[in-house]
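Encoded as C-alpha cells, the structure appears first; notes follow it.
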Ligand SMILES: [Zn+2]
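As C-alpha cells, then:
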C-alpha cells in the first residue's frame, strides 16, 4: 500500500537516521516452504506459503518499480500464470504491459560554489526536485528575505525577483508547505532556500539523492516554479553574514555559481496482464478484473538490526500507532524501552536491508496466482461465465502508476470491465496486528461508493461462508484520515466509474519495514481471505446481469477523495 504522503515520508526520516547501523549481508532464514515446488489446484495455506516464500525472498530484492528487480519479479509472475494456462493480455500478445516510468535526478556534475569555494552536495546543500523545468542558478544573486514565522516583517515581493531568496524556516512547518508559502510571496524568485538546516541536509540527501521515479505524463510539463534548496550552516554563512534570527529582511547576499539541472532517463516497469476466458458466449465479452501490486519499496541504504527494530515498532503499536509512520506524541514515544541485549541472547542480531514486502503486496500478488490456478481448474458451476482479467500492477508504491497507466490504456475495452477486486496486504489481521483483529477479520473498502448492488452481493457471499468474516468497514468512512480508498490501485478503476472492492487485513507494525517477511504471515487466515475473494469474484462473474452502477461516476481526471 502507498504511504500516506511525502510529508509523512519526510517526518519518518528522523527515525530512519536513528536506526542506522553498518551494512552486512543478512543471513538467509531457513524457509520451511522453500523445498516444495509443486502446487495444487485448490486454494491452500500450503501453496500460498510455498509461493510467498519464493516471491518475498531476499533474491527479489524488494521488487522496486523502475529497477531490474521489478522486471525479475514480474517475470516470475508471468512464468506462474503461463504454467497455469491463462492467456497473455499485455502489449502485442505478451504477458506484459510496459509502463513508461521516468527516473529524474540531478545532473552528474551538479555543483554549487561561492567566491570560488565549492560546497558539497547533500552535506552543504540539498536540492529537492519539484518537477518541471529548472532555471539556471549560475551567477544568480541571493537575498535574505526574512523569517517565515514572522511574515509581517518579510521583504516585499519585488526583493525576490531573479534572486535566490534565503529564508529562516518556521520551526515544525513541513518543507513543502513552507516552500509553497515563500514561492507564493516571491513568484519571480529563481529558488527558495532555507538557511541553517544542518539538521536535515543529510536526511534530504538520503531520500532524494537517488532521484525520483514518476509516470511519464501525456500532458505538458509542469510550469517553472522556484527551486527548493536546503542549505547547511556553513554555506548559509558564506552567503549571508549574521544571525538569521536577527538579520534585517532584504539584506543582500553573495552570488552563487554552479549547475542544479536535472536529467530524465527511462526506468523499467511493467504490469503483468492475463485472461481466463469466460464460458458463456453471451457474457465472455465482459470482464471481472482482479488486481494486486507486484512492486514493493526495494532495498534500504543502511542495514538495521531487524529484531530490535521490530520490537520497537511493536511497542509503538501498543501505544496506538496503526503502523510505524503513525504520528505518536513524542513524550509517549520516549517511554519505549527495547532491551536489545535480551533480544540478542535469544538470537544474534539479524542485519537486514531488504524490504521483502511479504504482506505488501506479496500476499495479494501470490493470492491472485492462487485464485488463477483454482479458477482455471474449476469444474461445472465454478467456471466463470464472464471472462476474468488478472492485473499485477507495477509502481503502486511510487504513486499507483501501474494501475493509472492500465486504466488509461486498458488492453481490453474499459467499458467491458463490470467490476474490480483489489487485494493489498491480506496476510495479517490478527488481534496483535490490528485493533479488533482475529481469525475472521477483513477490511472492506469501496463497493457501496459506486454500486449498492455490489456491496449487497459481498454481504450475501459472506453470509453463505461456513464461518462468515467480521467485515470491518471502519476505513470506508467518508473522509477517514487514513484515506485508504485513495491509497491502492482500485482507486484508478473507481475514477472511471468501475465498481471496486478493496480487501485488506490492514496496517500493522511491520508495514514498510525490513521485517515484513514471510515467517510473520498467518497462512490459514490468509488462505481463508483468498477463498472469500474468489467466492466474491465468482459471484460477480456468473450473475445473469452486470452490476448496476447507481451512484454518480466521478471525473477520471479529478483528485481522488474518500
Ligand atoms: Zn505499500
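Residue numbers (the working numbering): 1 to 562. Cβ coordinates follow ideal geometry from the N, Cα and C atoms, glycine included.
Where DSSP assigns a beta bridge to residue i, which residues make up the other side?
{"i": "residue 213", "result": "103"}
{"i": "residue 472", "result": "443"}
{"i": "residue 296", "result": "64"}
{"i": "residue 264", "result": "104"}
{"i": "residue 97", "result": "271"}
{"i": "residue 119", "result": "112"}
{"i": "residue 393", "result": "293"}
{"i": "residue 420", "result": "289, 500"}
{"i": "residue 142", "result": "164"}
{"i": "residue 351", "result": "305"}
{"i": "residue 88", "result": "274"}
{"i": "residue 252", "result": "143"}
{"i": "residue 205", "result": "Residue 205 pairs with nothing; no bridge assigned."}
{"i": "residue 637", "result": "Outside the displayed range of the chain (1 to 562) lies residue 637, so it cannot be described from this structure."}
{"i": "residue 258", "result": "112"}
Just to confirm before moving on: does the CB-CB distance between residue i and residue j stay below 8 Å?
{"i": "residue 365", "j": "residue 294", "result": "yes"}
{"i": "residue 444", "j": "residue 417", "result": "no"}
{"i": "residue 227", "j": "residue 190", "result": "yes"}
{"i": "residue 359", "j": "residue 428", "result": "yes"}
{"i": "residue 502", "j": "residue 488", "result": "yes"}
{"i": "residue 526", "j": "residue 363", "result": "yes"}
{"i": "residue 569", "j": "residue 126", "result": "No statement about residue 569 is possible, as the shown extent of the chain runs from 1 to 562 and does not include it."}
{"i": "residue 373", "j": "residue 84", "result": "yes"}
{"i": "residue 102", "j": "residue 210", "result": "no"}
{"i": "residue 389", "j": "residue 505", "result": "no"}
{"i": "residue 208", "j": "residue 4", "result": "no"}
{"i": "residue 322", "j": "residue 562", "result": "no"}
{"i": "residue 336", "j": "residue 312", "result": "yes"}
{"i": "residue 249", "j": "residue 178", "result": "no"}
{"i": "residue 492", "j": "residue 400", "result": "yes"}
{"i": "residue 188", "j": "residue 161", "result": "yes"}
{"i": "residue 370", "j": "residue 47", "result": "yes"}
{"i": "residue 1", "j": "residue 424", "result": "yes"}
{"i": "residue 451", "j": "residue 549", "result": "yes"}
{"i": "residue 301", "j": "residue 457", "result": "no"}
Going by C-alpha distance, which of the options is nearest residue i?
{"i": "residue 396", "options": "214, 249, 258", "result": "214"}
{"i": "residue 130", "options": "176, 372, 479, 327", "result": "176"}
{"i": "residue 391", "options": "172, 273, 516", "result": "273"}
{"i": "residue 309", "options": "550, 534, 47, 516", "result": "516"}
{"i": "residue 473", "options": "460, 455, 490, 463", "result": "455"}
{"i": "residue 378", "options": "1, 2, 38, 42", "result": "42"}
{"i": "residue 368", "options": "112, 60, 276, 317", "result": "276"}
{"i": "residue 91", "options": "271, 56, 346", "result": "271"}
{"i": "residue 53", "options": "172, 250, 180, 361", "result": "361"}
{"i": "residue 499", "options": "281, 546, 532", "result": "546"}
{"i": "residue 120", "options": "74, 419, 244, 232", "result": "232"}
{"i": "residue 230", "options": "153, 556, 199", "result": "199"}
{"i": "residue 394", "options": "541, 268, 139", "result": "268"}
{"i": "residue 253", "options": "278, 330, 140, 382", "result": "140"}
{"i": "residue 531", "options": "543, 415, 382", "result": "382"}
Is the shortest distance between the beta-carbon of residue i and the beta-carbons of chain C less than 8 Å?
{"i": "residue 125", "result": "Absent from the structure is chain C; it holds one protein chain and no more."}
### Message
Three or more C-beta pairs under 8 Å: does that hold for the stretch 190–199 against the stretch 152–168?
### Response
Verdict: yes, contact present.
### Message
Whether or not the stretch 254–267 and the stretch 106–120 are in contact is what I'm after, with contact meaning three or more pairs of Cβ atoms, one per stretch, closer than 8 Å; do they touch?
### Response
Touching, per the Cβ criterion.
### Query
Would you call the stretch 275–295 and the stretch 50–69 touching, i.e. three or more CB-CB distances under 8 Å?
At 8 Å Cβ cutoff, the stretches touch.
### Task
Specify whether the stretch 463–470 and the stretch 427–441 touch according to this definition: at least 3 beta carbon pairs, one from each stretch, less than 8 Å apart.
Yes, the stretch 463–470 touches the stretch 427–441.
### Message
Taking contact to mean 3 or more Cβ pairs, one atom from each stretch, closer than 8 Å, check whether the stretch 536–548 and the stretch 280–293 are in contact.
### Response
The answer is yes - the stretch 280–293 touches the stretch 536–548, with three or more Cβ pairs under 8 Å.
### Query
With contact counted as at least three CB pairs below 8 Å, one residue from each stretch, are the stretch 337–344 and the stretch 245–258 in contact?
Taking a cut-off of 8 Å on C-beta distances, the stretch 337–344 does not touch the stretch 245–258, as fewer than three cross pairs fall below it.
### Query
Should the stretch 94–102 be regarded as contacting the stretch 404–422, the criterion being three or more beta carbon pairs within less than 8 Å?
These segments touch.
### Query
Is the stretch 518–525 in contact with the stretch 447–463, if contact means three or more CB pairs nearer than 8 Å?
Segments in contact, no.
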